[in-house]
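Read through the structure below, which is laid out as structure tokens, and then see the notes.
So this is what it looks like as structure tokens:
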């Protein structure tokens, strides 16, 4: 049985549906990200799990028991907020020990567990500091230690890293992942940052307008987007127009590929820029721009199937210049068929 | 940090001097050995300070005023805290009306309030009592208490309270351990401002006070109607020194910039 189960979870604010009939199962120890643009319902979902926002319909079950009637302070969940939400009038040690104090953990054990939590997040020696005397990254660690020290059934992270600068964020991502692995707490992360979601999660739940667009491992969702929204939200993508002949072949300009399930008539294919390669023959295109990005070149081109972007590794071989005519191809496995009627 | 130009410095200095001069002059006059308000005066003398002790009604009025200020400001702050928290965080019908009602004593002239309370207290039979005095002062100082607690309440990040709840704290514990400490600067400054306003309220109190319940400002007011001598300056000087000491103590405890400006490093 799954650890956390959301079943038909729905929340409306007036006439606005924030979350609609959301179903999700999370296994014990799993790290799941709710990813989507702002207003997609990811934070509302997290707040319903935490109990701060009442559920309109549907259920939240943790280890089989309904969380609905449980007051937020009895749910035993660890939450880390974007703003850290540390108690400004308490020291680091007092902040971390707060949850243990609420649970009437005896003094000696409380101290030991607080110390262990501080060590876990690398804050040894900061016990008597006040939060305002600490950097954003350090405050984030305090918030994480405070949430973990109560050994929560679930760890809920609400955009925990978005207030940090880029370099620190990357560092904290690695550390967060490593800490979560070592503690083994089931974790739900809410984020609008696709890189964060991909770097940290076992599975990504892509949300848009209150609905789940796709659930899957980061590489699976990235490689095989289920919709044009997913394809365009996760990384860069090319949407190519083609025509299926009804016998399993699709023509994209001069390039003909065998694609099962294409049906017949016009189709749209999503292809990642890094999977489009220069070739002797194939889809004819003219290079319109080229931008050097260190490890690779980003080339823009105008093709018979629409404008495309492609990546060319900086491997020392010549790179086509602006205005040059080229041919492009890609493997059938690298193309995702998008449901019709979409333009991107 | 940008520095002020010489013209600005002169202006600021003159402004501060203008504000402090009356206090300073009262203090100097209080030390006169003469029988009348004189400035400049010959040598310092404690004659008028000793004279205060010959007027026990001043000392009694002082204690009455102090007690009145403490009581009315404490009740006012007890009412202001829940009101401010409700106004700051919820949208409910009557919210605007409630805020305006609580702030309205600021808008009504104290003379009007004095006459109104006099009539009303006579009607309900508590005219001339200390209870009546306390009730009227509570109403007059509530706006000060509410304003400052409200300012502090608006500044609270609700997620800090959510964090406490998620860690297992119930409503009462969240208030005691998190909310109250966070709004404490507002509560202390609101209480202090309310107490000061109650302590020196005279326009309204003059109507309500009876011979049994005369506050210090009213006593002083009555005294200078009969005779103007340096005794009143000596009483004023004592009040100025006491206020200064109180502010100094609060500054040591909380930091005045934090209490009244609300920023500061805390």
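Protein chains in written order, with our numbering: chain A, 1 to 344; chain B, 1 to 266.
Don't be surprised by glycine CBs; every beta carbon is placed ideally from N, CA and C.
Residue i: first and last residue of the uninterrupted beta strand (DSSP E) it sits in
i                      : result
residue 34 of chain B  : Run containing residue 34 of chain B: none; DSSP gives neither H nor E here.
residue 218 of chain A : Unbroken run through residue 218 of chain A is the alpha helix (DSSP H), 218 to 223; no beta strand (DSSP E).
residue 203 of chain B : Residue 203 of chain B -> no beta strand (DSSP E), and no H or E assigned at all.
residue 111 of chain B : Counting along the chain, residue 111 of chain B falls outside any beta strand (DSSP E), though it belongs to the alpha helix (DSSP H) covering 110 to 124.
residue 302 of chain A : 296 to 303
residue 318 of chain A : Careful: residue 318 of chain A lies outside any beta strand (DSSP E) and carries neither H nor E.
residue 283 of chain A : 283 to 292
residue 241 of chain A : 238 to 245
residue 210 of chain A : Taken as a continuous stretch (DSSP letters only), residue 210 of chain A belongs to no beta strand (DSSP E), as it is neither H nor E.
residue 311 of chain A : 306 to 313
residue 258 of chain A : 255 to 258
residue 339 of chain A : It is not in any beta strand (DSSP E) - residue 339 of chain A carries neither H nor E in the DSSP assignment.
Interface residues of chain B facing residue i [CB-CB closer than 8 Å]
i                      : result
residue 102 of chain A : 167, 168, 169, 173
residue 150 of chain A : 167, 168
residue 50 of chain A  : 162, 166
residue 98 of chain A  : 164, 167, 169, 177
Residue range of the unbroken alpha helix (DSSP H) whose run includes residue i
i                      : result
residue 164 of chain B : 158 to 166
residue 149 of chain B : 130 to 154
residue 64 of chain B  : 56 to 89
residue 226 of chain B : 216 to 226
residue 185 of chain B : 180 to 199
residue 47 of chain B  : 47 to 53
residue 242 of chain B : 231 to 253
residue 232 of chain A : 228 to 233
residue 174 of chain B : 171 to 174
Where residue i meets chain A, residues with beta-carbon distance less than 9 Å
i                      : result
residue 181 of chain B : 87, 88, 89, 90
Residues that residue i contacts on chain B, provided the C-beta gap is smaller than 9 Å
i                      : result
residue 73 of chain A  : 164, 165, 166, 167, 168, 169, 170, 171, 173, 174
residue 77 of chain A  : 166
residue 292 of chain A : Residues of chain B passing the Cβ test: none, with the nearest at roughly 43 Å.
Contacts that residue i makes with chain A (C-beta to C-beta distance below 8 Å)
i                      : result
residue 229 of chain B : Neighbours of residue 229 of chain B on chain A: none; closest Cβ ~51 Å, over 8 Å.
Residue i - partner residues in DSSP beta bridges
i                      : result
residue 204 of chain A : A/33, A/216
residue 95 of chain B  : Its beta-bridge partners do not exist; DSSP assigns none.
residue 7 of chain A   : A/59
residue 348 of chain A : This structure gives no information on residue 348 of chain A, because the portion of chain A shown stretches from 1 to 344.
residue 333 of chain A : Note: residue 333 of chain A sits in no beta bridge, so no partner.
residue 12 of chain A  : A/17
residue 326 of chain A : A/285
residue 264 of chain A : A/245
residue 277 of chain A : A/329
residue 20 of chain B  : None, per the DSSP bridge assignment.
residue 26 of chain A  : A/4
residue 269 of chain A : A/240, A/337
residue 250 of chain A : A/244, A/257
Where residue i meets chain A, residues with beta-carbon distance less than 7 Å
i                      : result
residue 178 of chain B : 87
residue 157 of chain B : 83, 85
beta-carbon residue i near the ligand NAD non-hydrogen atom, thresh 8 Å
i                     : result
residue 55 of chain A : The ligand content of the structure shown is nil, which means the ligand NAD is not present either.
Residues in the region 80 to 94 of chain A having any Cβ partner in chain B nearer than 9 Å: 80, 81, 82, 83, 84, 85, 86, 87, 88, 89, 90
Which parts of the region 46 to 113 of chain A are runs of the beta strand (DSSP E), unbroken and 3 residues or longer, counting only runs that do not cross its ends? 57 to 62, 78 to 80
Listed in chain order, which residues of the region 20 to 31 of chain A have Cβ atoms closer than 9 Å to some Cβ of chain B? none
Run through the region 172 to 201 of chain A for me and flag every whole beta strand (DSSP E) of 3 or more residues, listed as ranges in chain order. 186 to 191
Go through the region 113 to 164 of chain A residue by residue and report every complete run of the alpha helix (DSSP H) that reaches 4 residues or more, in order. 136 to 148
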